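Chemist: Heads up, the sequence shown is in the working numbering, so the first residue is 592 and it goes up one at a time.
Note that beta-carbon positions come from the ideal geometry of N, C-alpha and C, so glycine has one too.
Please read all numbers here as calculations on a predicted model, not as lab measurements.
Quick one: the structure is below, and I'll ask about it shortly.
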Amino acid sequence: MMKNAKRLLILITQSEWGGAQTYVLQAAMEAKRRNMEVLVAAGGAEELKTRCEQANIPYRELHHVKRSINPLSDLWAIHEIVKRTRDWKPTTSLLISSKMSVIGSIASRIANSPKVVYRIGGWSFLDPVSPLQKFIRRLSERVTCKLKDVIIVQHPGDEQLAKRYRLLPKQDLVVIPNGIHLKQFDAQLLPRDQARTKLGVYEGGPIILTTANFYATKGLMGYLDAIKQTHQRIPDARFHWIGDGGLRPTLERRIRELRLQNVVTLHGKRSDATQLLQAADLFVLPSVKEGMPWALLEAMAASRACIATDVGANRWMLKEAGWIVPPEQQTQLANAIMEALSDPEHAAQLARNARKAIEQRFTADQMWERTFALF
């Protein structure tokens, strides 16, 4: 260990790849670029571990950290994080995910971590869960908020909620939006024809793409009803989903019930998802809860026409650069899809506006300068 070196410990609950894990990897790589020592620690040994190793980022598996709540397991998880923190001696502990907000902040304070920063992807009490679960999650954030020095939220809506429910840290509550390194991002994109071939698309009809883990928060079950309505009006439209998760068997069963087997293709997890964005005529994110989704950010950066539900940062991100519909309103979602596909010139203009929004408001340089100033 270099004397007086800044050391960043990044703690996250899950290593299954998603938006939060994208942020973790990019934060670790940026820390390394800034000559900080960095360690990523997470529950499990899935794709985040693989990608960290490929980038020469040190990674440690947290064996007792699980997404589900289990008091005994969570006590062991706190003990494990305390030990990891004391052994590694970070100057800053960066907590990612709602579960880590609680167990990570308790452990970091027990281990006397000099600075604790919590970066939220979206308040978990907004998830589609029971009123009791919402109360417990909000209470957990309230009880542990003073264990954090800084809380980073991604958009003004989550900042307003933090103030409303008094989820205020010891020092600062700051808004730092996600951002994209456009030069690196553009270099990944495949041209339209190549992307379609790699996606396995050989027909000439419109392609509607969705990238999401198969969780209840992503609104995929209801989205199938919107797809059914769209298919009745635009029968050659094809819907491609990249992602996976526990809801897959239920989604597959619903696809069969609606007789959409030849309309909706589930591609599973793909490490090349970003490369394939230009295969799409339209990108749809039908979530019932979001923070500031990387999937939408990347679709905007790829100059795709976008439709998103009015949750989280989606409206704030898109503004006049796409279609916003209420969550769980499938007829309105279907109408937006049909409008976008029936007026490709207007859709193309909105897609160009989306790219401009990324260039002006959501760059990686802006995000990291503000973030690392906190460490």
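#1: Taking DSSP as the reference, what is the three-state secondary structure of V693?
#2: If you draw a straight line from the alpha carbon of G695 to that of G610, how long is it in whole angstroms?
#3: Could you give the residue range of the alpha helix (DSSP H) that holds W959?
#4: Among the candidates V741, A912, M929, K761, whose CA atom is the shortest distance from the CA of R824?
#5: Go to I767, then tell me how far its alpha helix (DSSP H) extends in each direction, as first and last residue.
#6: When we look at the beta-carbon of D763 and count the other beta-carbons within 10 Å, is it buried (16 or more) or exposed?
#7: Just the C-alpha distance for I846 and Q852, rounded to the nearest angstrom, thanks.
#8: For the pair the region 775-793 and the region 907-920, tell me if three or more CB-CB distances fall below 8 Å.
#9: Just to confirm the assignment: which complete beta strand (DSSP E) runs, minimum length 3, are found wholly within the region 909-960?
#10: Looking only at its own chain, which residues have a Cβ that is under 6 Å from the Cβ of A786, when we skip the five neighbours before and after it?
#11: Does the Cβ of T808 have 16 or more other Cβ atoms within 10 Å, making it buried, or fewer, making it exposed?
#12: Tell me the rounded alpha-carbon separation between N926 and I949.
#13: How many angstroms separate the CA atom of D678 from the CA atom of V631?
#14: Could you tell me the alpha carbon to alpha carbon distance between A803 and P760, rounded to whole angstroms?
#15: Under the DSSP definition of a beta bridge, which residues are partnered with A899?
#16: Using CA atoms only, rank isn't needed, just tell me which of P705, G810, E637, R757 is closest to D718.
#17: Entirely within the region 641-701 and at least 3 residues each: give me those beta strand (DSSP E) ranges in chain order.
#18: Which word fits D863, buried or exposed, when buried means at least 16 other C-beta atoms lie within 10 angstroms of its C-beta?
#19: Using the Cα positions of Y756 and R733, report the straight-line distance between them to the nearest angstrom.
#20: When you compare the CB positions of S664 and H670, do they come within less than 7 Å of one another, or not?
#21: With DSSP as the reference, label R598 as helix, strand or coil.
#22: Buried or exposed: where does A905 fall if 16 or more other Cβ atoms within 10 Å of its Cβ makes it buried?
#23: Please give the ranges of any beta strand (DSSP E) in the region 755-818, keeping only runs that are unbroken, at least 3 residues long and fully inside the region.
#24: Compute the Euclidean distance between the alpha carbons of H937 and C897, then round it to the nearest angstrom.
#25: How many whole angstroms separate the CB atoms of F582 and R625, which I take to be in contact at a CB cut-off of 8 Å?
#26: Give the DSSP-derived three-state secondary structure of E628 in the structure shown.
#27: Assuming I743 contacts V765 (C-beta within less than 8 Å), just tell me the rounded distance between them.
#28: Return the bridge partner residues of F716 from the DSSP annotation.
#29: Using a Cβ-Cβ cut-off of 7 Å, state whether K819 counts as contacting chain D.
#30: So for F966, helix, strand or coil by DSSP?
#31: Measuring only the C-alpha atoms, how far is I672 from S699?
#32: The beta strand (DSSP E) that contains T856, what's its start and end?
#33: Within the continuous alpha helix (DSSP H) that includes R728, where are the two ends?
#34: Could you tell me whether the Cβ atoms of G770 and F953 are closer together than 7 Å?
#35: Taking DSSP's pairing of strands, which residues face Q605 in a bridge?
Modeler: The short version:
#1: Mapped onto the sequence shown, residue 693 falls at position 102. V693 falls in the helix class under three-state DSSP.
#2: In the sequence shown, residue 695 corresponds to position 104, counting from 1. In the sequence shown, residue 610 corresponds to position 19, counting from 1. Cα to Cα, the separation comes out at about 19 Å.
#3: Indexing the sequence shown from 1 puts residue 959 at position 368. Element bounds for W959: 955-963.
#4: Numbered from 1 along the sequence shown, position 233 holds the residue referred to as residue 824. The shortest C-alpha separation from R824 is found at M929.
#5: Within the sequence shown, the letter at position 176 stands for residue 767. Careful: I767 lies outside any alpha helix (DSSP H) and carries neither H nor E.
#6: On the sequence shown, residue 763 is found 172 positions in, with the first residue counted as 1. When all chains shown are included, D763 counts as exposed.
#7: Residue 846 sits at position 255 when you count from the first residue of the sequence shown. Residue 852 sits at position 261 when you count from the first residue of the sequence shown. Roughly 6 Å between the two C-alpha positions.
#8: no
#9: 914-916
#10: In the sequence shown, counting from the first residue as 1, residue 786 sits at position 195. So the list reads L867, Q869, A870, once near-sequence residues are dropped.
#11: Residue 808 sits at position 217 when you count from the first residue of the sequence shown. Result: buried.
#12: Mapped onto the sequence shown, residue 926 falls at position 335. Mapped onto the sequence shown, residue 949 falls at position 358. Going from the Cα of N926 to the Cα of I949 covers about 26 Å.
#13: Walking along the sequence shown from the start, residue 678 turns up at place 87. Walking along the sequence shown from the start, residue 631 turns up at place 40. Looking at the two C-alpha atoms, the distance is approximately 14 Å.
#14: On the sequence shown, position 212 is the one that residue 803 refers to. On the sequence shown, position 169 is the one that residue 760 refers to. A803 and P760: Cα-Cα distance of roughly 31 Å.
#15: On the sequence shown, position 308 is the one that residue 899 refers to. DSSP, once it has assigned bridges, lists L876, I915 as partnering A899.
#16: Here the question's residue 718 lines up with position 127 in the sequence shown. When only C-alpha atoms are compared, the closest one is G810.
#17: 650-653, 683-687
#18: Walking along the sequence shown from the start, residue 863 turns up at place 272. The residue in question, D863, is exposed, as its Cβ has fewer than 16 Cβ neighbours within 10 Å.
#19: Here the question's residue 756 lines up with position 165 in the sequence shown. Here the question's residue 733 lines up with position 142 in the sequence shown. Answer to the nearest angstrom: the Cα atoms are 8 Å apart.
#20: Numbered from its first residue, the sequence shown carries residue 664 at position 73. Numbered from its first residue, the sequence shown carries residue 670 at position 79. No; because the gap between Cβ atoms is not below 7 Å, this pair is not in contact.
#21: Here residue 598 refers to the residue found at position 7 of the sequence shown. In this structure, R598 counts as strand in the three-state DSSP scheme.
#22: For the purposes of this step, residue 905 is taken as the residue at position 314 of the sequence shown. Inspection of the sequence shows that residue 905 is occupied by Asn rather than by Ala. With 16 or more Cβ atoms within 10 Å of its Cβ, N905 is classed as buried.
#23: 763-766, 798-802
#24: Locating residue 937 in the sequence shown gives position 346, counting from the first residue. Locating residue 897 in the sequence shown gives position 306, counting from the first residue. Going by the C-alpha atoms only, they are around 12 Å apart.
#25: Nothing in the structure corresponds to residue 582, since the chain is present only between 592 and 966.
#26: Residue 628 sits at position 37 when you count from the first residue of the sequence shown. E628 falls in the strand class under three-state DSSP.
#27: Sequence index remark: in the sequence shown, residue 743 carries index 152 (1-based). Sequence index remark: in the sequence shown, residue 765 carries index 174 (1-based). Yes, I743 and V765 are in contact; Cβ-Cβ is about 6 Å, under 8 Å.
#28: Against the sequence shown, residue 716 aligns to sequence position 125. BP columns for F716 are empty, so no partner.
#29: Absent from the structure: chain D. Only one protein chain is present.
#30: Within the sequence shown, numbered from 1, the residue matching residue 966 stands at position 375. Of the three classes helix, strand and coil, the one that applies to F966 here is coil, per DSSP.
#31: To locate residue 672, count along the sequence shown from 1; it is residue 81. To locate residue 699, count along the sequence shown from 1; it is residue 108. Distance between the alpha carbons of I672 and S699: 8 Å.
#32: The count along the sequence shown starts at 1 and reaches residue 856 at position 265. Where T856 is concerned, the enclosing beta strand (DSSP E) stretches over 855-857.
#33: If you number the sequence shown from 1, residue 728 lands on position 137. Segment 722-735, the alpha helix (DSSP H) holding R728.
#34: By 1-based counting over the sequence shown, the position of residue 770 is 179. By 1-based counting over the sequence shown, the position of residue 953 is 362. Cβ atoms of G770 and F953: closer than 7 Å.
#35: The sequence position of residue 605 within the sequence shown is 14, counting from 1. G634, per the DSSP bridge assignment.
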